[in-house]
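Chemist: Numbering (full-length UniProt numbering), first residue to last: 1 to 240.
Just so you know, even glycine gets a beta-carbon here, dropped at the ideal spot from N, CA and C.
Just so you know, these numbers come straight off a predicted model, no measurement behind them.
There's a structure below that I have some questions on.
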DNA sequence: TCCTTCGGCGC
DNA sequence: GCGCCGAAGGA
């Protein structure tokens, strides 16, 4: 029988997908899907693929049968939505605070060419730094202008920040400051204090503590919390 | 021993 | 109903 291993658009070059129709037996007509790595290894299930790729890759959105990424199709624990009758009563609020992550097609391991320009150089090992995730300085600026909206695509009102918060760095807009603080709260369980180093205010490009948001050190008082607990006027509690 | 193919368990 | 994997059977 002619085997056609097709290129799969969601996969990097070299990976092939194959679909074989069963032609006899009780399950005639059913099809089996296989993948082939660039090295020729055959994969016949998602768990097998997952084991090979390791924990670094999240295949939750990868549909094995079609070979496509299906964002929003998290097959774990069926999602319920606001407009779903079952969600209206007794539905728990969305407690998932994980930041959304950009989904790319290149979820599979790919060969990397290592280029060493200066083979004689010694690399200083600094374990403290090495375990840190590399992060672009002032990356929060990239979130500027982005707005959240509800299911009806109504843009949600942004938040007002307390007066005392002052930003550090090249961008002083409330937009960026809000993004920086919100992101910091999500990305670490450690206390969020702002930039405690005075040097960071003078030259943030060098002294910025990337684990803290782009704002000057602040403290949250009981008074601040009391203000928050007071229902905000002019804001509806929920859409619809 | 390797590969293809269908059965069938378990969710 | 379907995904996953065992194993039969052929090369």
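Taking the beta strand (DSSP E) that residue 183 falls in, what are its first and last residues?
Modeler: Unbroken run through residue 183 is the alpha helix (DSSP H), 174-187; no beta strand (DSSP E).
Chemist: Pair every Cβ in the segment 44-52 with every Cβ in the segment 60-71, then say whether three or more of these pairs are closer than 8 Å.
Modeler: yes
Chemist: Grab me the residues of residue 9's own chain with a C-beta within less than 7 Å of its C-beta, minus the 5 sequence neighbours each way, in chain order.
Modeler: Cβ within range, chain order: n/a, list empty.
Chemist: With distances taken between CB atoms, is the gap from residue 183 to residue 223 smaller than 8 Å?
Modeler: no
Chemist: Should residue 227 be labelled buried (16 or more other beta-carbon atoms within 10 Å of its own) or exposed?
Modeler: exposed
Chemist: Please classify residue 27 as buried or exposed, where buried requires at least 16 neighbouring CB atoms within 10 angstroms.
Modeler: exposed
Chemist: Enumerate in chain order the residues of its own chain whose CB-to-CB distance from residue 6 is below 6 Å, with the five nearest sequence positions on each side excluded.
Modeler: 17
Chemist: Which residue marks the beginning of the alpha helix (DSSP H) containing residue 50, and which one marks its end?
Modeler: 46-53
Chemist: Between which two residues does the alpha helix (DSSP H) containing residue 21 stretch?
Modeler: Here residue 21 belongs to no alpha helix (DSSP H); instead the beta strand (DSSP E) covers 16-21.
Chemist: Label residue 179 either buried or exposed according to how many other C-beta atoms from any shown protein chain fall within 10 Å of its C-beta, with 16 as the threshold for buried.
Modeler: buried
Chemist: Of all the options 35, 157 and 14, which has the alpha carbon lying nearest to the alpha carbon of residue 241?
Modeler: Outside the displayed span of the chain (1 to 240) sits residue 241, for which this structure offers no information.
Chemist: Buried or exposed for residue 25, please, with buried defined as at least 16 other CB atoms from any protein chain shown within 10 angstroms of its CB.
Modeler: exposed
Chemist: To the nearest angstrom, report how far apart residue 146 and residue 51 are at their CA atoms.
Modeler: 36 Å
Chemist: Which residues in the same chain as residue 104 place their Cβ atom closer than 6 Å to its Cβ, once the five residues preceding and following it in sequence are excluded?
Modeler: Model confidence at residue 104 stands at a pLDDT of 48, short of 50, so the residue's coordinates are unreliable; what they give is reported in the following sentence. Around residue 104: no qualifying Cβ.
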